[in-house]
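Chains as they are written, first to last, in our numbering: chain A, 1 to 290; chain B, 1001 to 1129.
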């Protein structure tokens, strides 16, 4: 990334390399002794579960935490038999979780109070089809360690959507401030307004820079919050989508024709029009025919 | 209708006598089939569920299909044609009439994970058509 200054090094891997265990890329077999002195950042990266190599069509395995989140989501949305739960209130029939293909960490120059770091993230969205319409997009952070007593950290997040044309970069006009409750394992940041134009225009990849400034009790985080600092390094991107293709399941409430019918006087003749019972019968028959 | 044989001797078993007026056996109905995705090697890309019961329809279609199976009148007409006029005209078949969706969690080729809901994956009702 030539526009990134400050000597940052993007971590890019080819598809073949992506199938190899991550630790093999970072640590040659004879460098095990140096593992102990490496920074917490590398410790977090090597803590990811090893990816299986491609084997006769076996697909490369996803990030273990991402998989854990999606399995939990599946249990919330579907019964044991695999049937979508009827009490689901949301309107989307597709949820996609992406892990970043590349991350570029900027050194903290001109560090201000509570300033943490800036991270460039590249997400490949090839799998999103033209028939999938975005409802919501979220940056998902996973906390490996939970805090027993209630603790809250206030973070301000600045997000920049980067385009190939530097003059076309979109900066968040209002920093997103949220309070992170550390009792929860997952932290979600809604980035729908930033990503909606990109996904609507069927961009195959998106490049965003995320900058966090976190404080606890108005003080910068000390070393005991390293686990939290590291969690902010590599978020996943969640897209909640409505697949409009024929194969996808469309709930009745998602169909605009159905909701029009529900709200029409035909469905509620006696209440809205005060018609006589015989006319109600005709309306009832008309409803059945429809 | 001529199917009942005229015999001088009464039925040996009264239960058997009444049985012929009840619903015939092996009528069109929903059947279970528990499919494991590993059997089709789909477990390489389907993470959840590990399998499911799509059901299938099997059985004989009786003459009177409208009331029990919600079949159109045409089905009964075709049945009569098959029985009385031309046996080369196919008799009505027992097939699914309604379906329900299925949710799956799948692994994409780029390591992303997708939750998807697909229409018409499970047969829930049979009909004769």
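Virtual Cβ for every residue (Gly too), placed ideally from N, Cα, C.
is_contact[residue i, chain B] using C-beta, thresh 8 Å
| i | result |
| --- | --- |
| residue 83 of chain A | yes |
| residue 66 of chain A | yes |
| residue 95 of chain A | yes |
| residue 259 of chain A | Because the pLDDT at residue 259 of chain A is just 49, under 50, the model does not fix this residue reliably, and the value given afterwards should be weighed accordingly. Output row for residue 259 of chain A: interface = no. |
| residue 99 of chain A | yes |
| residue 73 of chain A | yes |
| residue 87 of chain A | no |
| residue 47 of chain A | Interpretation of residue 47 of chain A is limited by its pLDDT of 35, a score under 50 that renders its predicted location unreliable; the figure taken from the coordinates is listed afterwards. Output row for residue 47 of chain A: interface = no. |
| residue 124 of chain A | yes |
| residue 62 of chain A | yes |
| residue 141 of chain A | no |
| residue 209 of chain A | no |
| residue 196 of chain A | no |
| residue 130 of chain A | no |
| residue 78 of chain A | yes |
| residue 29 of chain A | Caution is warranted here: a pLDDT of 43 is assigned to residue 29 of chain A, below 50, making its placement in the model unreliable, and no coordinate value can be reported. |
| residue 157 of chain A | no |
Contact test: residue i Cβ vs the ligand MG heavy atom, cutoff 7 Å
| i | result |
| --- | --- |
| residue 1091 of chain B | Of the ligands one can find in the structure shown there are none, so the ligand MG has no counterpart to examine. |
Whether residue i touches residue j by CB criterion (8 Å)
| i | j | result |
| --- | --- | --- |
| residue 1031 of chain B | residue 1058 of chain B | yes |
| residue 191 of chain A | residue 139 of chain A | yes |
| residue 1097 of chain B | residue 1066 of chain B | no |
| residue 1104 of chain B | residue 1055 of chain B | no |
| residue 157 of chain A | residue 208 of chain A | no |
| residue 1035 of chain B | residue 83 of chain A | no |
| residue 1106 of chain B | residue 1091 of chain B | no |
| residue 1033 of chain B | residue 1053 of chain B | yes |
| residue 119 of chain A | residue 187 of chain A | no |
| residue 1119 of chain B | residue 77 of chain A | no |
| residue 291 of chain A | residue 135 of chain A | The requested residue 291 of chain A does not occur in the structure, where chain A is confined to residues 1 to 290. |
| residue 220 of chain A | residue 141 of chain A | no |
| residue 1095 of chain B | residue 1126 of chain B | yes |
| residue 213 of chain A | residue 155 of chain A | yes |
| residue 185 of chain A | residue 159 of chain A | no |
Best match in the options for proximity to residue i [C-alpha to C-alpha]
| i | options | result |
| --- | --- | --- |
| residue 204 of chain A | A:188, A:127 and A:98 | A:127 |
| residue 195 of chain A | A:219, A:69, A:133 and A:185 | A:133 |
| residue 1109 of chain B | B:1013, B:1046 and B:1033 | B:1046 |
| residue 122 of chain A | A:237, A:129 and A:131 | A:237 |
| residue 61 of chain A | B:1126, B:1118, B:1114 and B:1124 | B:1114 |
| residue 79 of chain A | B:1050, B:1086 and B:1095 | B:1050 |
| residue 193 of chain A | A:66, A:250, A:161 and A:142 | A:161 |
| residue 201 of chain A | A:130, A:71 and A:249 | A:130 |
| residue 199 of chain A | A:222, A:239, A:213 and A:211 | A:239 |
| residue 1093 of chain B | B:1100, B:1072, B:1111 and B:1037 | B:1072 |
| residue 64 of chain A | B:1027, B:1041 and B:1112 | B:1112 |
| residue 367 of chain A | A:75, A:90, A:71 and A:197 | With chain A covering only 1 through 290, there is no way to say anything about residue 367 of chain A. |
| residue 1082 of chain B | B:1125, B:1048, B:1061 and B:1124 | B:1061 |
| residue 1064 of chain B | B:1028, B:1124 and B:1015 | B:1028 |
| residue 152 of chain A | A:218, A:124 and A:101 | A:218 |
| residue 100 of chain A | A:90, A:87, A:124 and A:91 | A:124 |
| residue 251 of chain A | A:91, A:73 and A:197 | A:91 |
| residue 247 of chain A | B:1086, B:1015, B:1088 and B:1100 | B:1100 |
Neighbour flag for residue i against chain A, beta carbons, 8 Å
| i | result |
| --- | --- |
| residue 1038 of chain B | no |
| residue 1118 of chain B | yes |
| residue 1069 of chain B | no |
| residue 1108 of chain B | yes |
| residue 1046 of chain B | no |
| residue 1073 of chain B | no |
| residue 1081 of chain B | no |
| residue 1129 of chain B | no |
| residue 1063 of chain B | no |
Three-state secondary structure (DSSP) of residue i
| i | result |
| --- | --- |
| residue 1079 of chain B | helix |
| residue 1034 of chain B | coil |
| residue 234 of chain A | coil |
| residue 64 of chain A | helix |
| residue 71 of chain A | helix |
| residue 1043 of chain B | helix |
| residue 200 of chain A | helix |
| residue 1054 of chain B | coil |
| residue 1074 of chain B | helix |
| residue 240 of chain A | strand |
| residue 118 of chain A | strand |
| residue 1088 of chain B | coil |
| residue 245 of chain A | coil |
Terminal residues of the beta strand (DSSP E) in which residue i lies
| i | result |
| --- | --- |
| residue 141 of chain A | 132 to 142 |
| residue 1097 of chain B | 1094 to 1107 |
| residue 188 of chain A | 186 to 190 |
| residue 1117 of chain B | 1113 to 1128 |
| residue 97 of chain A | 94 to 98 |
| residue 213 of chain A | 205 to 216 |
| residue 162 of chain A | 152 to 162 |
Residue interval of the alpha helix (DSSP H) (run including residue i)
| i | result |
| --- | --- |
| residue 1067 of chain B | 1066 to 1069 |
Cutoff 8 Å: residue i Cβ touching any chain C Cβ
| i | result |
| --- | --- |
| residue 1052 of chain B | Absent from the structure is chain C; the protein chains it does hold are A and B. |
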